[in-house]
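This note's numbering numbers the first residue of the sequence shown as 50 and each following residue consecutively.
Backbone N, C-alpha and C fix where the C-beta goes; we use that ideal spot for every residue, glycine too.
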Amino acid sequence: LSAAVDGTERMRLCASFGATMASSFAVSRLHMRGKTSFAKCLQRADTTSTISCVLSSEKNLSCWMVSSLLSDEKNGQKSLHTLQVERQEQAERSVLISCQSSTNEKKFLKYLSKHGEISKYFFYESYGVYAVVEFAKQESVSSLLEGAAIPGGSHESAVPFKSRLLSLRNFSPVDSQNQPSGLQCQPQTTIPISELIKRLSREKSIDKQITSLAEAYQLTEENSRLRFLVCSLLKDIAAAYFPECTIKPFGSSVNGFGKLGCDLDMFLDVDSISGRNVKLSGLSLEYQMKRANSERAVTQSILSVIGECVDQFGPGCVGVQKILNARCPLVRFAHQPSGFQCDLTANNRVAMKSTELLYLYGGLDPRVRNLVFTVRCWARAHGVTSSIPGAWITNFSLTVMVLFFLQKRSPPIIPTLDHLRDLAGPADKSVIEGNDCTFVSNFNKIRLESNTETLEKLLSEFFEFYATFPFSRMSINIRKGKEQNKPEVAPLHIQNPFETSLNVSKNVNASQLDRFVSLCQESSWLLQQSETGTPRGGGGDGGPTPWGLATLLLPSQVAGIKSRKKRRREPASERIKGLLESLKNKNQLKKS
Numbered sequence: 050l051s052a053a054v055d056g057t058e059r060m061r062l063c064a065s066f067g068a069t070m071a072s073s074f075a076v077s078r079l080h081m082r083g084k085t086s087f088a089k090c091l092q093r094a095d096t097t098s099t100i101s102c103v104l105s106s107e108k109n110l111s112c113w114m115v116s117s118l119l120s121d122e123k124n125g126q127k128s129l130h131t132l133q134v135e136r137q138e139q140a141e142r143s144v145l146i147s148c149q150s151s152t153n154e155k156k157f158l159k160y161l162s163k164h165g166e167i168s169k170y171f172f173y174e175s176y177g178v179y180a181v182v183e184f185a186k187q188e189s190v191s192s193l194l195e196g197a198a199i200p201g202g203s204h205e206s207a208v209p210f211k212s213r214l215l216s217l218r219n220f221s222p223v224d225s226q227n228q229p230s231g232l233q234c235q236p237q238t239t240i241p242i243s244e245l246i247k248r249l250s251r252e253k254s255i256d257k258q259i260t261s262l263a264e265a266y267q268l269t270e271e272n273s274r275l276r277f278l279v280c281s282l283l284k285d286i287a288a289a290y291f292p293e294c295t296i297k298p299f300g301s302s303v304n305g306f307g308k309l310g311c312d313l314d315m316f317l318d319v320d321s322i323s324g325r326n327v328k329l330s331g332l333s334l335e336y337q338m339k340r341a342n343s344e345r346a347v348t349q350s351i352l353s354v355i356g357e358c359v360d361q362f363g364p365g366c367v368g369v370q371k372i373l374n375a376r377c378p379l380v381r382f383a384h385q386p387s388g389f390q391c392d393l394t395a396n397n398r399v400a401m402k403s404t405e406l407l408y409l410y411g412g413l414d415p416r417v418r419n420l421v422f423t424v425r426c427w428a429r430a431h432g433v434t435s436s437i438p439g440a441w442i443t444n445f446s447l448t449v450m451v452l453f454f455l456q457k458r459s460p461p462i463i464p465t466l467d468h469l470r471d472l473a474g475p476a477d478k479s480v481i482e483g484n485d486c487t488f489v490s491n492f493n494k495i496r497l498e499s500n501t502e503t504l505e506k507l508l509s510e511f512f513e514f515y516a517t518f519p520f521s522r523m524s525i526n527i528r529k530g531k532e533q534n535k536p537e538v539a540p541l542h543i544q545n546p547f548e549t550s551l552n553v554s555k556n557v558n559a560s561q562l563d564r565f566v567s568l569c570q571e572s573s574w575l576l577q578q579s580e581t582g583t584p585r586g587g588g589g590d591g592g593p594t595p596w597g598l599a600t601l602l603l604p605s606q607v608a609g610i611k612s613r614k615k616r617r618r619e620p621a622s623e624r625i626k627g628l629l630e631s632l633k634n635k636n637q638l639k640k641s
């Protein structure tokens, strides 16, 4: 290992890495344990300097991990890889415990502390009360599990699969009744839309409304930890066949745009499994392995077996479906202890890069995430998106549309994907199945232009932009950041950022696109009206009267278009004028 750093850091880092990798045997051990273990080792080095290193004897231990882990610490913005490594470490030191609602928190923690120091814990509800407990050391988890018992006292036999999903039994109910529990459970779902509208109506500006919506909908620290813990629990099952595998969340769970209650997409990574090619006296050994006709066949075989194990042995996993003939084979199930709907895939690396790209864009400017959350919430409130597969616009398509709009601002708020590719270094190079997925991962290399537009202006301009967009002729392309002629006949064409021959909105039909355009027209008009664009007085129920963004979320404000196939649509301006007159009359009645 050779390290290149400036100044006095050289000597300190050499000592640190020298102590960590004191022998070639230790290097080999790290290699056998995969990239994640090496990354953990490097994290222990106390530095924010950029390190260049070459391990000539171990090709897989390349230096991109050092850069990924340390280069973004200067400005506090962590790369997605760094975040995932930290979360995975936390999950490995955590357990999930089913508790009674009457559990005494102090007594509960005292009992668990016998096995070691507790770093963090929280309670939540999902088919009962559960606690996520993270210990400071991995050994504490082992100690706790050693003292756990096999369940008994039931007419059903238990499948003897031991996991970190446990149940707490209280053998002194009298004591628990004398001491109130007072458990504070963390929310795992979003607040009802009616409550959100009331909250937004109390804000003093549309900018405040937008940020308040994002804060109410985004994943909490606790929910994010729970998602990584579920991945870790699933990895324990898969490790019975693939000891070196990892299971990582992707999509909304980690890209920064996930809302409370969103599905948990997981990626079973078996590519990290590697062997040591040790050649002595001209001889070497290799594993004998089953072979299949294609990588897809291997993926289907792996998911079939893991899916069966989850179904038969995974505590709390119900409704397991093995959907192996889909374009991307997957195993779908519900994880009752967490309340998550889960999708497990094993060969979806392009989706992982899409996750990383959205995470990068969301971290460049806070307005990106705020605007995406707002547009998504608005779309769901009016049926533009749906949790049911069909001809609706998807959340991913909506997100790409927001990114494209922000690229088109003058000056642009975020760079194009081509620009991010030009900033990439050798360590960022990524080609997946012939698709160029290369883009810079270091936030420090990206220089943004000075754009100070308010969220209110951006939201209004977003609606106006797509209310007049030439969907019949043009395609949306965030790689170039400009409209292009549509390469195929489809109502809505949004180019896949990486698989550029694909249209991510191919499912959308003309009717749904027309609804979206009409809603954009009406929302843009509403935001420009003084009656709905400024704070108002109290409502009839004692709460504030909806205004601004809150007005856009009311079903009656942006008129529903469900029944308009059977009647002629009246001009939007006439309907909105009638609405505003109605609001004025109500206010006059209240004053009188």
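(1) Which residues share a DSSP beta bridge with Thr48?
(2) Considering Cα atoms alone, identify which of Phe512, Glu548, Pro475 and Lys531 is closest to Glu571.
(3) To the nearest whole angstrom, what separates the beta carbons of Ala440 and Gln561, a pair I think is in contact under 8 angstroms?
(4) Fully enclosed by the region 476 to 540, which alpha helix (DSSP H) runs are 4 residues long or longer?
(5) Could you say which of Pro475, Leu472, Ser479 and Leu504 lies nearest to Phe422 if we only look at CA atoms?
(6) Going by C-alpha distance, which of Leu145, Ser479 and Tyr170 is nearest Lys155?
(7) Which whole runs of the alpha helix (DSSP H) in the region 431 to 479 are 4 residues long or more, in chain order?
(8) In whole angstroms, what separates the C-alpha of Leu373 from that of Val354?
(9) Is Asn552 closer than 8 angstroms to Glu532 when the C-beta atoms are compared?
(10) In three-state terms, what does DSSP make of Phe389?
(11) Rounding to the nearest angstrom, what Cα-Cα distance links Leu576 and Leu275 in this structure?
(12) From the DSSP secondary-structure annotation, give me the bridge partner or partners of Ile372.
(13) What whole-angstrom Cβ distance do Val144 and Arg213 have, given they're in contact under 8 angstroms?
(14) When you compare the CB positions of Glu183 and Gly165, do they come within less than 8 angstroms of one another, or not?
(15) If you measure from the beta carbon of Val417 to each beta carbon in chain B, is any gap under 8 angstroms?
(16) Go to Glu264, then tell me how far its alpha helix (DSSP H) extends in each direction, as first and last residue.
(17) Are the region 270 to 289 and the region 240 to 259 touching by the rule of at least three beta carbon pairs closer than 8 angstroms?
(18) List the endpoints of the continuous beta strand (DSSP E) containing Val144.
(19) DSSP state of Pro415, grouped into three classes?
(20) Opposite Lys169 in the DSSP bridges: which residues?
(21) What first and last residue would you give for the alpha helix (DSSP H) that runs through Ser554?
(22) Among Asp318, Leu313 and Tyr408, whose alpha-carbon lies nearest the alpha-carbon of Cys294?
(23) Looking only at its own chain, which residues have a Cβ that is under 7 angstroms from the Cβ of Asn19, when we skip the five neighbours before and after it?
(24) Contact between the region 360 to 370 and the region 263 to 275: three or more CB pairs below 8 angstroms?
(25) Per DSSP, which residues does Lys308 bridge with? Please list them.
(26) Would you mind sorting Val208 into buried or exposed? The rule is 16 or more other CB atoms within 10 Å of its CB.
(27) Look at the Cβ atom of Phe306, then the Cβ atom of Gly432, and state whether they are nearer than 8 angstroms.
(28) Using DSSP with H/G/I as helix, E/B as strand and the rest coil, what is Leu334?
(29) For Glu205 and Val367, what's the separation of their Cα atoms in angstroms?
(30) Looking at Phe488: is its Cβ nearer than 8 angstroms to the Cβ of Leu466?
(31) Taking the straight line between their C-alpha atoms, what separation do you get for Cys569 and Glu510?
(32) Can you find the residues in the same chain that come closer than 7 angstroms, C-beta to C-beta, to Ile527, ignoring five residues on each side of it along the sequence?
(33) Out of curiosity, what's the CA-to-CA distance linking Pro595 and Gln578?
(34) Report the residue from Ser524, Gly177 and Leu282 whose alpha carbon sits nearest the alpha carbon of Leu232.
(35) Among Phe520, Ala185 and Asn304, which residue has its Cα nearest to the Cα of Asn558?
(36) Please state whether DSSP places Cys358 in a helix, a strand or coil.
According to the data block:
(1) Residue numbering for the chain in the displayed model covers 50 to 641; residue 48 lies beyond these limits and cannot be assessed.
(2) Phe512
(3) 5 angstroms
(4) 504 to 516
(5) Leu504
(6) Tyr170
(7) 444 to 456 and 466 to 471
(8) 11 angstroms
(9) no
(10) strand
(11) 38 angstroms
(12) Leu379
(13) 5 angstroms
(14) no
(15) Within the model displayed, chain B is absent; a lone protein chain is all it includes.
(16) Ile255 to Tyr266
(17) no
(18) Ser143 to Cys148
(19) helix
(20) Glu183
(21) Segment: none, Ser554 is in no alpha helix (DSSP H) and carries neither H nor E.
(22) Asp318
(23) Residue 19 cannot be examined here, being either before or after the span of the chain that is shown, 50 to 641.
(24) no
(25) Gln267
(26) exposed
(27) no
(28) coil
(29) 17 angstroms
(30) yes
(31) 10 angstroms
(32) Val449, Leu452, Phe453, Gln456, Thr465, Leu466 and Pro546
(33) 14 angstroms
(34) Gly177
(35) Phe520
(36) helix
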